[in-house]
Amino acid sequence: MHAAVRASYPEEACGFLLGTDGHVTGLRVARNVADDPCRGYVAAPEDLLAAFAEARGRGLELLGVFHSHPDGDGELSASDRAQAQPGWIYVVIATRGPKPSGMTVHAL
Numbered sequence: 033m034h035a036a037v038r039a040s041y042p043e044e045a046c047g048f049l050l051g052t053d054g055h056v057t058g059l060r061v062a063r064n065v066a067d068d069p070c071r072g073y074v075a076a077p078e079d080l081l082a083a084f085a086e087a088r089g090r091g092l093e094l095l096g097v098f099h100s101h102p103d104g105d106g107e108l109s110a111s112d113r114a115q116a117q118p119g120w121i122y123v124v125i126a127t128r129g130p131k132p133s134g135m136t137v138h139a140l
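Taking the working numbering, the leading residue of the sequence shown gets 33, the next gets one more, and so forth.
Here it is in structure tokens:
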């Protein structure tokens, strides 16, 4: 996750969390196709489909999403909450410049 966050800065990084029984064992980085990727994220639909396919192929589940808040905090924004899926895990990585400065896990 941290490598994706550093590579995406100043845009928000995003990706999917894979695992079983609520335990994250892998991830898949997604492309952020938001209108303003510096202020929000929308994972590319084809990347979501690929994450589902990878999870199924590996006997895993899609458990949630990670994304970054460049030069921000680890709290979910109003838009994060609006697009959240019930039961998923959300990891928000705060940064100071391109360096991750904190990580917050939210279960919705």
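The C-beta atom is built at its ideal place from N, Cα and C for all residues, glycine as well.
Please read these numbers as outputs of a predicted model, since none were measured by experiment.
Beta-carbon proximity check, residue i vs residue j, cutoff 8 Å
| i | j | result |
| --- | --- | --- |
| L92 | G58 | yes |
| I125 | S100 | yes |
| R63 | D79 | yes |
Beta-carbon proximity list for residue i, same chain, < 7 Å, skipping 5 on both sides
| i | result |
| --- | --- |
| A36 | A45, G47, V61 |
| D65 | For clarity, residue 65 is Val in the given sequence; the question names Asp instead. Closer than 7 Å at the Cβ level, and outside the excluded window around V65, lie V74, A76. |
Spatially closest choice to residue i from the options, by CA coordinates
| i | options | result |
| --- | --- | --- |
| G106 | V137, N64, L94, S40 | V137 |
| V123 | L140, K131, A110, P130 | L140 |
| E43 | L49, L94, G104, A83 | G104 |
| G51 | R88, P132, R63 | R88 |
Residue i, DSSP secondary structure in three states
| i | result |
| --- | --- |
| P132 | strand |
Cβ-based neighbour list, residue i, same chain, cut-off 8 Å, excluding 5 preceding and 5 following
| i | result |
| --- | --- |
| T127 | V37, Y41, S100, H101, P102, D103, G104, S133 |
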